[in-house]
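Colleague: Let me give you the structure first, and then I'll get to my questions.
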Amino acid sequence: MNRKTRVRFAPSPTGPLHIGGVRTALYNYLYAKKRNGDFLLRIEDTDSHRFVPGAEEYILESLKWCGIVPDEGVGAGGPHAPYRQSERREIYRKYAEQLVASGHAYYAFDSAESLEAARSAAEASGQTFIYSSATRGAMRNSLTLSPEETQRLLRETEDWTIRFKMPVGRIVQMDDLIRGHVEINSDTLDDKVLWKRADCLPTYHLANIVDDHLMEITEVIRGEEWLPSLPLHYLLYEALGWQDTMPRFAHLPLLLKPVGNGKLSKRDGDKMGFPVFPLRWVSPEGEVSRGYREDGYFPEAFVNMLALLGWNPGTEQELFSLEELVQAFSLEKVSKSGAKFNPEKTKWFNREYLRKKSDAELAAAFMPVLEAQGVRATEAFVTKVVALIKERATFVSDFWDIAWYIFKAPENYDPKDAAKFWKDENPDRVRELAAFVQDFDGAFERDVIGPALEEYIRSREWPMGKVMNALRLALTGSGSGLGIADVAALIGKDEFLARVNRCLG
RNA sequence: GGUGGGUUCGUAUAACGGCUAGUACUCAAGAUUUUCAUUCUUGCAAUAGGAGUUCGAUUCUCCUACCCACUACCA
Numbered sequence: 010m011n012r013k014t015r016v017r018f019a020p021s022p023t024g025p026l027h028i029g030g031v032r033t034a035l036y037n038y039l040y041a042k043k044r045n046g047d048f049l050l051r052i053e054d055t056d057s058h059r060f061v062p063g064a065e066e067y068i069l070e071s072l073k074w075c076g077i078v079p080d081e082g083v084g085a086g087g088p089h090a091p092y093r094q095s096e097r098r099e100i101y102r103k104y105a106e107q108l109v110a111s112g113h114a115y116y117a118f119d120s121a122e123s124l125e126a127a128r129s130a131a132e133a134s135g136q137t138f139i140y141s142s143a144t145r146g147a148m149r150n151s152l153t154l155s156p157e158e159t160q161r162l163l164r165e166t167e168d169w170t171i172r173f174k175m176p177v178g179r180i181v182q183m184d185d186l187i188r189g190h191v192e193i194n195s196d197t198l199d200d201k202v203l204w205k206r207a208d209c210l211p212t213y214h215l216a217n218i219v220d221d222h223l224m225e226i227t228e229v230i231r232g233e234e235w236l237p238s239l240p241l242h243y244l245l246y247e248a249l250g251w252q253d254t255m256p257r258f259a260h261l262p263l264l265l266k267p268v269g270n271g272k273l274s275k276r277d278g279d280k281m282g283f284p285v286f287p288l289r290w291v292s293p294e295g296e297v298s299r300g301y302r303e304d305g306y307f308p309e310a311f312v313n314m315l316a317l318l319g320w321n322p323g324t325e326q327e328l329f330s331l332e333e334l335v336q337a338f339s340l341e342k343v344s345k346s347g348a349k350f351n352p353e354k355t356k357w358f359n360r361e362y363l364r365k366k367s368d369a370e371l372a373a374a375f376m377p378v379l380e381a382q383g384v385r386a387t388e389a390f391v392t393k394v395v396a397l398i399k400e401r402a403t404f405v406s407d408f409w410d411i412a413w414y415i416f417k418a419p420e421n422y423d424p425k426d427a428a429k430f431w432k433d434e435n436p437d438r439v440r441e442l443a444a445f446v447q448d449f450d451g452a453f454e455r456d457v458i459g460p461a462l463e464e465y466i467r468s469r470e471w472p473m474g475k476v477m478n479a480l481r482l483a484l485t486g487s488g489s490g491l492g493i494a495d496v497a498a499l500i501g502k503d504e505f506l507a508r509v510n511r512c513l514g
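Sequence positions in the first sequence follow the numbering used here and run 10 to 514.
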């Protein structure tokens with residue numbers, strides 16, 4: 010039977026979506042679209058204590074910014090609604106009870122204190138306590154208590170749980186789309202809590218299996234941190250009798266910090282000056298984290314960068330639109346090892362995308378910046394400026410620093426450059442050049458005034474570089490920047506003369 | 001500690017068991033340019049270590065080392 014491809018991204022609304030999460034969503038999306046399947050968004054809010062207000066909206070907005078649009082799920086609706094796990098409470102309880110009835114799970118009444126005690130006791134003798142076939146016989150649960158006592162506790166207390174009864178001595182055989190065959194002895198696994206009476210919610214493990222089954226998910230593509238719980242999930246599908254339609258699994262490599270070891274964290278970004286979140290985030294406590302969007306990255310560049318972190322197309326192509334990524338993507342090309350995040354390469358991507366944008370589009374983005382600087386300029390003029398500076402920039406926000414002197418006269422002159430160029434006969438030469446320009450009656454255009462200036466300098470046998478730089482200093486306040494012909498054409502004859510005279514005077 | 005996963009230039013990665021281990025970013029040098037930037041050219045730089053299988057190993061097997069994840073009534 011050939012099922013329609015259906016994958017999901019299932020984040021937990023415990024804070025802003027990290028770029029690792031965005032990549033997971035992206036790979037799911039690419040996989041689904043490549044196979045003409047569905048991409049669903051499910052919110053896994055089964056931990057009432059870690060819920061963070063605004064996180065869900067943040068997730069939705071982030072995906073939207075990236076162009077990763079869910080076909081179904083929170084924000085999109087669909088035939089399997091609701092897609093928020095906190096709204097699916099009744100569904101999970103039924104399956105949890107079913108597992109107890111079939112002998113695959115049991116009730117556990119151990120208090121947090123007794124579990125803590127068991128852990129520290131084990132620790133004292135250099136061991137680690139795990140709630141498993143080896144220890145469950147010594148704990149308070151429906152396996153050790155009389156049926157009457159169990160029933161009484163079920164009725165009269167409210168902090169019990171349902172735990173999975175991990176089978177003894179099973180070698181669980183698993184297949185991962187990225188890692189291949191993996192096997193593990195069930196004796197090393199613990200009896201995970203599946204359902205919590207205290208808040209009438211399942212834990213991740215149960216909710217995940219039940220929803221993936223009900224929502225007819227065909228492939229589960231998630232982070233590598235889930236690989237250790239894969240055997241539990243296999244066993245859960247089996248216990249529920251769903252092994253025939255069990256999804257296939259793919260565990261993605263982790264995103265690592267740029268230097269040193271370990272998982273990429275928000276601290277790394279703060280420390281090294283790059284965002285680890287797609288969008289700016291202000292926590293409920295008021296703590297601000299920067300985002301790629303607000304830092305001036307184009308979503309296409311951000312997505313392109315993320316796609317190539319842990320996956321490669323098998324060709325040397327590096328620039329991909331989302332549509333091209335869909336066509337090129339395959340899980341076979343996803344690497345197994347963690348990828349260290351590289352902020353420099355991200356900038357390179359943005360530079361490439363900035364160059365690909367039309368001058369008009371970039372000019373439109375630059376207009377508000379000019380306005381904020383108190384500059385009045387027509388969009389047509391700004392478009393001409395942008396055409397000259399876009400290959401010198403990484404972000405639109407670089408434009409002002411690169412070309413501010415096109416829009417307003419310099420108020421002071423770089424001392425170092427002045428010392429270097431504004432000396433000897435140069436001021437006199439510039440004065441002579443000003444007189445020449447004053448009398449110049451050709452068009453004040455780049456290809457007219459530029460060659461005219463050069464020709465004059467050559468005819469006087471002055472050193473080209475020195476004189477041009479002295480002129481540049483007068484015009485822009487600095488010894489480096491755009492070509493003099495471009496500057497002259499852009500600011501016009503009057504402004505040209507005004508600036509030079511001001512510098513001379 | 002236990003279990004699982006991983007390991008190619010600084011980084012991301014390529015190389016059905018077979019050329020001199022390729023590409024991109026970064027960095028350096030040179031060329032071009034009136035400066036800067038761009039562009040172009042060149043360069044630096046890697047198979048963690050050790051056994052084994054093989055005519056031949058980056059690739060397969062084992063051991064060691066290191067890294068990561070998991071080991072919650074968190075996801």
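Glycine is no exception: its CB is placed at the ideal position from the N, C-alpha and C atoms. Predicted model, so just to flag it, every value in this text is computed and none were measured.
Starting from ASN510 and walking both ways along the alpha helix (DSSP H), at which residues does that stretch end?
Modeller: Segment 493-513, the alpha helix (DSSP H) holding ASN510.
Colleague: Just how far apart, CA to CA, sit ASP168 and TYR115?
Modeller: Roughly 14 Å between the two C-alpha positions.
Colleague: Roughly how many angstroms lie between the CA atoms of LYS280 and LYS425, to the nearest whole one?
Modeller: Cα to Cα, the separation comes out at about 32 Å.
Colleague: If you run the structure through DSSP and keep just helix, strand and coil, what is LEU203?
Modeller: Strand, per DSSP.
Colleague: Can you name the start and end residues of the alpha helix (DSSP H) that GLU333 belongs to?
Modeller: Unbroken alpha helix (DSSP H) run through GLU333: 331-337.
Colleague: I'd like to know if the region 62-69 and the region 18-25 are in contact, where contact means that at least 3 CB-CB pairs between them fall below 8 Å.
Modeller: Contact between the region 62-69 and the region 18-25 is present, because at least three Cβ pairs lie under 8 Å.
Colleague: Grab me the residues of PHE286's own chain with a C-beta within less than 6 Å of its C-beta, minus the 5 sequence neighbours each way, in chain order.
Modeller: Answer for PHE286: PRO25, SER298 and GLY300, listed in chain order.
Colleague: In this structure, does DSSP put LYS13 in helix, strand or coil?
Modeller: Of the three classes helix, strand and coil, the one that applies to LYS13 here is coil, per DSSP.
Colleague: What do you get for ILE180, buried or exposed, if any count of 16 or more other CB atoms within 10 angstroms of its CB means buried?
Modeller: Exposed is the call here.
Colleague: When DSSP labels each residue in this structure, what does GLN447 get in the three-state scheme?
Modeller: Reduced to three states, the DSSP call for GLN447 is helix.
Colleague: Closest to ALA396 by C-alpha separation, out of ARG385, ASN478, ILE411 and GLY383, would be which residue?
Modeller: Answer by Cα proximity: ILE411.
Colleague: If you measure between the beta carbons of TRP251 and HIS222, is that distance less than 9 Å?
Modeller: Yes, Cβ-Cβ distance for TRP251 and HIS222 is below 9 Å.
Colleague: Taking the straight line between their C-alpha atoms, what separation do you get for LYS393 and GLY490?
Modeller: One C-alpha to the other measures close to 16 Å.
Colleague: Within the region 265-326, note down every full alpha helix (DSSP H) run reaching 4 residues or more, in order along the chain.
Modeller: 275-281 and 308-316, all fully within the region 265-326.
Colleague: Give me the residue from ALA374, THR324, LEU261 and GLU420 with the minimum Cα distance to TYR306.
Modeller: It is ALA374 whose Cα lies nearest to the Cα of TYR306.
Colleague: Confirm, please, whether the CB-CB distance from ALA479 to PHE449 is below 9 Å.
Modeller: No, they are not a contact pair.
Colleague: Does the region 335-344 come within contact of the region 317-327, defined as at least 3 CB pairs closer than 8 Å?
Modeller: Contact holds: three or more Cβ-Cβ distances are below 8 Å.
Colleague: Count the other CB atoms within 10 Å of the CB of VAL268; is the residue buried (16 or more) or exposed (fewer)?
Modeller: So VAL268 counts as exposed.
Colleague: Excluding the five sequence neighbours on either side, which residues of its own chain have a C-beta within less than 7 Å of the C-beta of GLU233, listed in chain order?
Modeller: Only HIS260, LEU261, PRO262 and LEU263 meet the Cβ criterion.
Colleague: Are HIS113 and LYS73 close, meaning C-beta to C-beta below 9 Å?
Modeller: Taking 9 Å as the Cβ cut-off, HIS113 and LYS73 do not qualify as a contacting pair.
Colleague: For the beta strand (DSSP E) that LEU484 lies in, which residues bound it at each end?
Modeller: Premise fails: LEU484 lies in the alpha helix (DSSP H), 473-485, not in any beta strand (DSSP E).
Colleague: Please return the same chain residues whose Cβ sits closer than 6 Å to the Cβ of HIS89, not counting the five positions on each side in sequence.
Modeller: Answer for HIS89: MET224, listed in chain order.
Colleague: Express the C-alpha separation of ILE100 and LYS399 in angstroms, rounding to a whole number.
Modeller: Spanning the two alpha carbons is a distance of roughly 56 Å.
Colleague: Where does the unbroken beta strand (DSSP E) through LEU261 begin, and where does it stop?
Modeller: Run containing LEU261: 257-261, per the beta strand (DSSP E) assignment.
Colleague: Rounded to a whole number of angstroms, what is the C-alpha to C-alpha distance between PHE408 and PRO377?
Modeller: Roughly 12 Å separates the two Cα atoms.
Colleague: Nearest to ALA147 by CA position, among THR166, LEU162, SER123 and ARG44, is which residue?
Modeller: The shortest Cα separation from ALA147 among THR166, LEU162, SER123 and ARG44 belongs to SER123.
Colleague: Can you grab the Cα-Cα spacing for the pair ARG188 / ALA348, in whole Å?
Modeller: For ARG188 and ALA348, the distance between alpha carbons rounds to 16 Å.
Colleague: I think THR33 touches ILE218, with their Cβ atoms under 8 Å apart; what is that distance to the nearest whole Å?
Modeller: Wrong, their Cβ atoms sit about 18 Å apart, outside the cutoff.
Colleague: Whole-angstrom Cβ separation of ARG149 and ASP119, contact assumed at under 8 Å?
Modeller: With 8 Å as the limit, ARG149 and ASP119 qualify as a contact, their Cβ atoms being about 5 Å apart.
Colleague: What first and last residue would you give for the beta strand (DSSP E) that runs through ALA117?
Modeller: Its beta strand (DSSP E) spans residues 114-117.
Colleague: Distance check for ARG51 and ALA117, CA to CA, integer angstroms please.
Modeller: ALA117 and ARG51: Cα-Cα distance of roughly 29 Å.
Colleague: Could you tell me which uninterrupted alpha helix (DSSP H) segments, each at least 4 residues in length, are contained entirely in the region 342-411, listed from first to last along the chain?
Modeller: Qualifying alpha helix (DSSP H) stretches, in chain order: 352-365, 368-381 and 388-398.
Colleague: How is VAL177 classed by DSSP in three states: helix, strand or coil?
Modeller: VAL177 falls in the coil class under three-state DSSP.
Colleague: Taking 6 Å as the limit between beta carbons, can you name the residues of its chain near PRO284, skipping five residues before and five after?
Modeller: Excluding residues within five positions, the ones whose Cβ falls inside 6 Å are GLY278, ARG299, GLY300, TYR301 and ASP304.
Colleague: Roughly how many whole angstroms lie between the Cα atoms of CYS75 and ARG364?
Modeller: CYS75 and ARG364: Cα-Cα distance of roughly 19 Å.
Colleague: So, helix, strand or coil for GLY232, using DSSP?
Modeller: Strand, per DSSP.
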